[in-house]
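**Student:**
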Amino acid sequence: MIDWTKVKTLRDEVGEEDFAEVVEIFLEEVAEMIDRLHVSPAPETLGADLHALKGSALNLGLTPFANMCQSGETRAAQGRAEEIAVIPILDCYEESRLVLLAGLENGLGR
Numbered sequence: 063m064i065d066w067t068k069v070k071t072l073r074d075e076v077g078e079e080d081f082a083e084v085v086e087i088f089l090e091e092v093a094e095m096i097d098r099l100h101v102s103p104a105p106e107t108l109g110a111d112l113h114a115l116k117g118s119a120l121n122l123g124l125t126p127f128a129n130m131c132q133s134g135e136t137r138a139a140q141g142r143a144e145e146i147a148v149i150p151i152l153d154c155y156e157e158s159r160l161v162l163l164a165g166l167e168n169g170l171g172r
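According to the working numbering, the sequence shown is numbered sequentially starting from 63.
1) Take the Cβ of I149 as the centre, count every other Cβ of all protein chains shown within 10 Å, and call the residue buried at 16 or more, exposed below.
2) At what residue ranges does the stretch 67–105 contain a whole run of the alpha helix (DSSP H), taking only runs of 4 or more?
3) From A143 to V92, what does the alpha carbon distance come to, in whole angstroms?
4) Using 8 Å as the threshold, is the C-beta distance between S158 and M63 below it?
5) Could you work out which residue in A128, I146 and L170 is closest to E156 when comparing CA atoms only?
6) Consult DSSP for L152 and reduce its assignment to one of helix, strand or coil.
7) For L99, count neighbouring Cβ atoms within 10 angstroms of its own Cβ and tell me buried if that reaches 16, exposed if not.
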């Protein structure tokens, strides 16, 4: 679910001290988008929202979540935003978030 090699690479690039801040900022920014998608996913902005989520997810190794965002982004670009199942994407994010935080707490990605 988490590409721990990617997490380690990011940690090495930004440094140990800044890594915690990067994760915190990621979670805050993504939480805002996730909340918006929970409340009212707008078909006209869904592709852009999923694109932004995908980019953030890839930076932190949340590969399955990023893949789901990519799939939805592609559908939106094809004019098929109404076909995007948002709930499974949101569920995948929540599961990924929990696995990431637990793994970081247990020293994974070092």
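Using N, Cα and C, we set each Cβ at its ideal position, and we do this for glycine too.
In this text the structure is predicted, and so the values were computed from the model without any measurement.
**Tutor:** Taking the coordinates as given:
1) Counting Cβ neighbours within 10 Å, I149 comes out exposed, since fewer than 16 surround it.
2) As summarised for the stretch 67–105, the continuous alpha helix (DSSP H) elements at least 4 residues long and confined to that stretch are 78–101, given in chain order.
3) Straight-line Cα distance between these residues: approximately 20 Å.
4) Against a cut-off of 8 Å, the Cβ pair of M63 and S158 comes out as a contact.
5) Nearest to E156 by alpha-carbon distance, out of A128, I146 and L170, is A128.
6) Three-state result, L152: helix.
7) Burial of L99 is indicated by the presence of at least 16 other C-beta atoms within 10 angstroms of its C-beta.
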